[in-house]
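Single-structure report; data block below.
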Amino acid sequence: MNATAGFDRVDLSGKSIIVTGGGSGMGRAAAQLIASRGASVTVVDLAEPGGNETVATITAAGGTAQFVRADITNEDDTAAMVEAAVSAYGSLDGAFNNAGIIGAGAPITEFSLADWNKTITINLTGVFVSMRAELRWMTEHGVKGSIVNTSSAAGVMAYPNLPAYVASKHGVVGLTKQVAVDYAAKGIRVNAVLPGSTMTPLAAESFADPELKAKAESAQPIGRLGEPEEIAEMAAWLLSDASSFVVGSAIAVDGGVTAA
Ligand SMILES: NC(=O)c1ccc[n+]([C@@H]2O[C@H](COP(=O)([O-])OP(=O)(O)OC[C@H]3O[C@@H](n4cnc5c(N)ncnc54)[C@H](O)[C@@H]3O)[C@@H](O)[C@H]2O)c1
């Protein structure tokens, strides 16, 4: 008997997958990787130029993708992104709910309610609204699949001066576990990926100061920042049938920062 019989490859052929925040950073890397593994990708972002550019790189490489402009905090937009995925590719088999912001930085005593609401709305409510739209369609149509949410190392540990970001990312871990439990028996797996500091446009903003960048690098035992492609690998695996027994997990891809 073939020693590998029964093992699934990380293969996404024939799947229709939504990637939010697909116009930049790890969302773009994930959309590209997922498409290269055979999925048809609906790239969702607020930013049109970035989203269109991601789609152009995928189609130039022979993959299948479309761009849908949507605000992930908006119920009508998220319903429309699901409809667009289904009408272009016939189904919705998975989603990488990844769009997010770092938001304002300050200790809580100097943190405005407006800044708090902004970060919580995009990072946590955005995942709630997106997942709800995806799961409504999937359950109504009896589709089994996989949903992956982007949390952060900040979903299980504190970072100084980021009360809303840290709270939002802890919230994404909690929401992921809660929804995973409700939908596992229906054949829909929900998990979270927890990136450490990773070199994307979002991080470039925070690490413009070389001292801060060096500090972030040395905080991660591996001694460097992550690359968006390294996060994309975990997202693609979680979206594939190769991770069929992984349910409600919060998986760190962080150069060791949460282990230290
Ligand atoms: N880069 C890091 O170091 C790091 C570490 C841990 C977690 N994360 C998380 O990873 C995710 C991706 O971050 P990134 O570093 O690739 O950032 P990025 O800024 O490069 O990409 C984020 C994308 O999300 C989009 N977006 C923001 N708000 C949106 C909204 N309301 N609706 C639709 N799209 C929206 C932006 O336009 C952008 O294209 C975020 O959730 C972030 O919090 C990043």
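So for the sequence shown, the working numbering puts the first residue at 167; every next one is plus one.
Heads up, the beta-carbon is just placed ideally off N, CA and C, and yes, glycines get one too.
Note that the coordinates shown come from a computational prediction; the quantities given were computed from them, not determined experimentally.
- For Pro387, no alpha helix (DSSP H) segment is defined, and its DSSP state is neither H nor E.
- For Ala265, the distance from the CB to the nearest heavy atom of ligand 1 is below 6 Å.
- Excluding sequence positions up to five before and after Arg203, its CB lies within less than 8 Å of the CB of Val176, Asp177, Leu178, Ser179, Ala402 and Ser406, all in the same chain and listed in chain order.
- Ala333 places its beta carbon 7 Å or farther from that of Val423.
- Of all C-beta pairs linking the segment 216-223 to the segment 287-297, fewer than three are shorter than 8 Å, placing the two stretches out of contact.
- In this structure, Val322 is the residue among Leu328, Val322 and Ala197 with its C-alpha nearest to the C-alpha of Ala426.
- Between the segment 245-263 and the segment 183-190 there are three or more C-beta pairs closer than 8 Å, enough to call the two in contact.
- Relative to the Cα of Gly414, the nearest Cα in the group Val209, Lys379, Ala369 and Ala351 belongs to Ala351.
- In the displayed model, Arg355 falls within a strand according to three-state DSSP.
- With respect to Ala358, Ala416 sits close: the two C-beta atoms are nearer than 7 Å.
- Beta-bridge pairing by DSSP links Ile274 to no other residue.
- Taking 7 Å as the cut-off, the beta carbon of Pro367 is found closer than this to the beta carbon of Gly191.
- Counting along the chain, Asn218 sits inside no beta strand (DSSP E); it lies in the alpha helix (DSSP H) bounded by residues Glu214 to Ala226.
- Relative to the Cα of Arg355, the nearest Cα in the group Pro326, Leu301 and Lys335 belongs to Leu301.
- Boundaries around Thr316 are those of the beta strand (DSSP E), Gly311 to Thr316, since no alpha helix (DSSP H) includes it.
- In the DSSP annotation of this structure, the continuous segment of the alpha helix (DSSP H) that includes Thr342 starts and ends at Pro329 to Tyr349.
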